[in-house]
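Numbering (the numbering used here), first residue to last: 203 to 582.
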């Protein structure tokens with residue numbers, strides 16, 4: 203399995219499931235609630251198990267959410283936002299309420315901004331986990347995302363006058379297969395109590411709070427044909443960044459054939475021949491950076507793994523890859539990375555991908571090249 207789980211730890215927003223509650227409750231309970239449907243506006247369609255179809259593009263003001271994630275740099279991202287006009291909700295009760303504030307995306311990334319409100323009568327302990335996820339849904343033949351990684355982050359928490367607590371969340375999913383043909387659902391399955399040094403977690407609230415929506419944002423993706431062949435410096439995906447030594451590095455011959463780029467994400471797609479397929483399946487490219495025309499290098503924030511082949515990491519005498527020193531933070535940093543690959547058969551080549559997301563708008567017109575595993579792919 204590739205490093206798809208890494209993005210949860212590396213996202214630029216506060217991507218932690220453990221929250222500090224605005225209020226502290228006494229005692230813990232295990233509550234299981236009955237489900238009920240609330241559908242806006244087509245109840246009959248949802249009762250039949252059908253997902254609602256979005257059929258119009260509507261502007262939506264996501265300034266608060268975009269600024270919380272991307273700072274002041276989100277002019278082009280604002281053009282990629284929308285509000286689906288048919289959103290279906292399913293609820294186990296009024297203890298938790300989901301509200302879709304808007305969506306954003308391109309051909310390989312979907313972002314949903316959701317407010318999650320926990321009712322006042324749910325006594326939140328000091329530490330707890332909101333079980334949240336974003337996933338593709340729809341009819342069986344519409345679930346064709348064979349490779350994706352998702353993450354969510356808490357952007358803001360506020361106490362309401364009625365005693366409830368609202369969390370503003372950013373939820374992201376990435377796929378090499380393209381995301382525009384599918385519908386999606388945000389799902390909350392309850393609240394778990396987490397205690398430091400505890401061996402088990404206690405269910406505080408259990409149920410289903412879901413919302414379903416289609417995609418109707420403006421896709422600004424540029425698909426760039428590439429033809430760059432060379433060696434991808436790689437290492438075992440089982441190793442942690444601090445464990446990587448020079449002896450762990452292997453070279454995988456590959457051909458980068460496509461790059462997909464928008465202000466939201468950048469995806470690199472490559473092929474490895476059958477002879478070296480097993481080598482590609484066992485290892486991941488080490489490092490991915492984006493170079494702008496003015497020489498600025500966009501790197502992974504807070505992770506030595508992604509900088510190792512760009513000279514920001516040096517090999518110490520003890521054989522461990524370590525930071526070369528404090529580097530000036532660029533205006534844009536890589537904060538999410540989803541990678542993986544597949545082969546259609548035993549004799550088929552291996553197709554790999556790496557999709558990056560950022561903490562600010564990517565200046566697509568200024569991108570000169572992308573480097574993955576030490577292989578430079580020119581784009582300018």
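Even glycine gets a Cβ: it sits at the ideal position worked out from N, Cα and C.
Under the three-state DSSP convention, the category residue 385 falls into
strand
So, helix, strand or coil for residue 269, using DSSP?
helix
Which residue's Cα is closest to the Cα of residue 285: 262, 437, 300 and 446?
262
Taking the alpha-carbon positions, what's the residue 546 to residue 458 distance?
18 Å
Contact defined as beta carbons within less than 8 Å: I believe residue 390 pairs with residue 298. What is the distance between those atoms, to the nearest angstrom?
6 Å
So is residue 423 buried or exposed if we call it buried at 16+ other beta carbons inside 10 Å?
buried
Assuming residue 559 contacts residue 374 under a Cβ cut-off of 8 Å, what Cβ separation, rounded to an integer in Å, is found between them?
7 Å
With distances taken Cα to Cα, identify the nearest neighbour of residue 464 among 437, 307 and 320.
307
For residue 411, which beta-bridge partners are listed by DSSP?
293 and 390
With distances taken Cα to Cα, identify the nearest neighbour of residue 572 among 565, 311, 581 and 566.
581
From the DSSP output, which residues share a beta bridge with residue 482?
DSSP lists no partner for residue 482.
Can you grab the Cα-Cα spacing for the pair residue 475 / residue 548, in whole Å?
11 Å
Applying the criterion that 16 or more other CB atoms from any shown protein chain within 10 Å of the CB defines a buried residue, is residue 363 buried or exposed?
exposed
Under 8 Å between C-beta atoms of residue 336 and residue 388:
yes
Below 8 Å on the Cβ atoms is my guess for residue 494 versus residue 569; work out the distance and round it to an integer in Å.
6 Å
Residue range of the beta strand (DSSP E) that includes residue 317:
311 to 320
Does the stretch 409 to 418 come close enough to the stretch 304 to 324 that 3 or more CB-CB pairs lie under 8 Å?
yes
Helix, strand or coil for residue 521, going by three-state DSSP, please let me know.
At residue 521, the pLDDT of 42 sits below 50, so the modelled position is not reliable; the number obtained from the coordinates is stated separately. Reduced to three states, the DSSP call for residue 521 is coil.
Is it buried or exposed, residue 290, if we count other Cβ atoms within 10 angstroms and call 16 or more buried?
buried
Tell me whether residue 316 is buried or exposed, calling it buried when 16 or more other Cβ atoms sit within 10 Å of its Cβ.
buried
Residues sharing a beta bridge with residue 554, DSSP
472 and 543
What residues in its chain sit with their C-beta under 7 Å from that of residue 397, if we drop five residues either side in the sequence?
329
Return yes when the Cβ of residue 371 is within less than 8 Å of the Cβ of residue 469, no when it is not.
no
Grouping DSSP H, G and I as helix and E and B as strand, with all else coil, what is residue 417?
coil
What's the gap between the Cα of residue 358 and the Cα of residue 267?
9 Å
Near residue 322, what residues of its chain come up, given a Cβ to Cβ distance below 7 Å and the 5 sequence neighbours on each side ignored?
364, 365 and 366
Following the continuous alpha helix (DSSP H) through residue 279, name the residue where it begins and the one where it ends.
277 to 281
Mapping DSSP to helix, strand and coil, what is residue 361?
strand
Spatial neighbours of residue 369 within its chain, please: CB distance less than 6 Å, with the 5 preceding and 5 following residues excluded, ordered by chain position.
318, 356 and 359
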